[in-house]
Amino acid sequence: MADTAGVPEPTLEEQIAAYQREFQDLDPQVEAIVSALSRLNRRMNVAYGRQTSELGISNAEWEVLKALVLSGAPYRLGPGELAKRLGLTPAAMTHRIDRMVTEGLVTRERDESNRVRVIVELTTEGREKWLEAMRMATVFEEDLLQDLTAGERSVLGEVLTRLLRRVEHAQPDAEGRLSDLD
1 MADTAGVPEP TLEEQIAAYQ REFQDLDPQV EAIVSALSRL NRRMNVAYGR QTSELGISNA
61 EWEVLKALVL SGAPYRLGPG ELAKRLGLTP AAMTHRIDRM VTEGLVTRER DESNRVRVIV
121 ELTTEGREKW LEAMRMATVF EEDLLQDLTA GERSVLGEVL TRLLRRVEHA QPDAEGRLSD
181 LD
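All residue numbers for the sequence shown refer to full-length UniProt numbering, where the first residue is 1 and numbers rise by one.
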């Protein structure tokens, strides 16, 4: 495999020109939008990864913390529900929970009302890590959108939400990942 370290990624314009050269049916306007969204998503994930790394957690652990917070107080879910929400296999979820229990981010206990069922619960430390990650993300996101007016932010939010709904409708089974990224 060729070494690509230090080789800059083509600009969007260069990428679209190459695509048009190789595939004449390409709509350059559509490709510009989709490619820009893809690059933005990738770069945002890198930025978020750096932030969570500063906190001593991984993006994968952040996803579990987020899922527990989104479940509402008392921030508890079964491992199967967590796996489903994150698009993971049960084995991958167990591995992730094992790490997080060791790190003190979550607890794993048997459900007192159903001893077969296991409950994963957010700890105080896990919630503090989530809150600090949110603080860091808020600063990053405000900086990202600083050049947009309130009206532009509103329109962008509405347009992206419409695109998301279209994809969710067309691909209802695609909310999780196809494979674990741990």
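Just so it is clear, CB atoms sit at the ideal spot from N, CA and C, and this is done for glycine as well.
In the structure shown, what three-state DSSP assignment does Leu-148 receive?
As a working note, residue 148 is residue 148 in the sequence shown. Note: Leu-148 maps to coil in three-state DSSP.
Under a three-way DSSP split, which group does Ile-97 fall into?
Your numbering for residue 97 matches position 97 in the sequence shown. It is helical.
Could you tell me which residues DSSP pairs with Asn-114 in its beta bridges?
The residue you call residue 114 lines up with position 114 of the sequence shown. Per DSSP, Asp-111.
Could you pull out every residue in the same chain whose Cβ sits closer than 7 Å to the Cβ of Ala-62, ignoring the five residues on either side in sequence?
Mapped onto the sequence shown, residue 62 falls at position 62. Per the sequence presented here, residue 62 reads as Trp, with Ala not at that position. Thr-52, Ala-133, listed in sequence order.
Under a Cβ-count criterion, where at least 16 other Cβ atoms within 10 Å of its own Cβ denotes burial, should Arg-50 be classed as buried or exposed?
Your numbering for residue 50 matches position 50 in the sequence shown. Exposed, because fewer than 16 other Cβ atoms sit within 10 Å of the Cβ of Arg-50.
Can you tell me whether Asp-182 is buried or exposed, with buried defined as 16 or more other CB within 10 angstroms of its CB?
On the sequence shown, residue 182 is found 182 positions in, with the first residue counted as 1. Since pLDDT at Asp-182 reaches only 39, below the 50 mark, its modelled position is unreliable, and the value read off the structure follows with that caveat. By the 10 Å Cβ count, Asp-182 comes out exposed.
Over what stretch of residues does the alpha helix (DSSP H) that includes Tyr-48 continue unbroken?
Here residue 48 refers to the residue found at position 48 of the sequence shown. 28 to 54 is the extent of the alpha helix (DSSP H) around Tyr-48.
Could you check whether Gly-78 and Val-120 sit closer than 8 Å to each other, using their CB atoms as the reference points?
The residue labelled residue 120 in the question sits at position 120 within the sequence shown. The residue labelled residue 78 in the question sits at position 78 within the sequence shown. Yes.
Could you give the distance in angstroms between the alpha-carbon of Arg-108 and the alpha-carbon of Glu-152?
Reading the sequence shown from its first residue, position 108 is the one you call residue 108. Reading the sequence shown from its first residue, position 152 is the one you call residue 152. Each residue's Cα considered, the two are about 44 Å apart.
Report yes or no: do three or more beta-carbon pairs, one from the region 154 to 169 and one from the region 89 to 103, lie closer than 8 Å?
With a cut-off of 8 Å, the region 89 to 103 and the region 154 to 169 do not count as touching, because too few Cβ pairs lie within range.
Once the 5 residues before and after Leu-12 are set aside, which same chain residues still bring their CB inside 7 Å of it?
Taking the sequence shown and counting its residues from 1, the one referred to as residue 12 is at position 12. Ala-32, Ser-35, Ala-36.
Determine the burial state of Val-64: buried for a count of at least 16 other Cβ atoms within 10 Å of its Cβ, exposed for fewer.
As a position in the sequence shown, residue 64 is number 64, starting the count at 1. Burial call: buried.
Give the C-beta separation of Val-118 and Arg-127 to the nearest angstrom, bearing in mind that I take them to be a contact with Cβ-Cβ under 8 Å.
Numbered from its first residue, the sequence shown carries residue 118 at position 118. Numbered from its first residue, the sequence shown carries residue 127 at position 127. Not quite, the Cβ-Cβ distance comes to about 20 Å (not below 8 Å), so this is no contact.
Exposed or buried, which one is Thr-67 when buried takes at least 16 other CB atoms within 10 Å?
Here residue 67 corresponds to residue number 67 of the sequence shown, with the count starting at 1. The residue you asked about is not Thr; residue 67 is Ala in the sequence shown. With 16 or more Cβ atoms within 10 Å of its Cβ, Ala-67 is classed as buried.
Would you identify the three-state DSSP class for Pro-119, choosing helix, strand or coil?
For the purposes of this step, residue 119 is taken as the residue at position 119 of the sequence shown. It should be noted that the sequence gives Ile, not Pro, for residue 119. Three-state DSSP puts Ile-119 in a strand.
For the alpha helix (DSSP H) holding Leu-105, just list the boundary residues, first then last.
Along the sequence shown, one-based indexing puts residue 105 at 105. That residue, Leu-105, is in no alpha helix (DSSP H); it is neither H nor E in DSSP.
I need the boundaries of the alpha helix (DSSP H) containing Glu-9, first residue and last residue.
Numbered from 1 along the sequence shown, position 9 holds the residue referred to as residue 9. That residue, Glu-9, is in no alpha helix (DSSP H); it is neither H nor E in DSSP.
What separation, rounded to the nearest whole angstrom, lies between the Cα atoms of Ala-83 and Ala-91?
The count along the sequence shown starts at 1 and reaches residue 83 at position 83. The count along the sequence shown starts at 1 and reaches residue 91 at position 91. C-alpha separation (whole angstroms): 9 Å.
Pop quiz: Leu-148 and Leu-156 are said to be a contact at Cβ under 8 Å. What is the actual Cβ separation, rounded to whole angstroms?
As a working note, residue 148 is residue 148 in the sequence shown. As a working note, residue 156 is residue 156 in the sequence shown. The pair is a contact, with the Cβ atoms about 7 Å apart (cut-off 8 Å).
Classify Val-106: buried if its beta carbon has 16 or more other beta carbons within 10 angstroms, exposed otherwise.
Counting from 1 along the sequence shown, the entry for residue 106 is found at position 106. Val-106 should be labelled buried.
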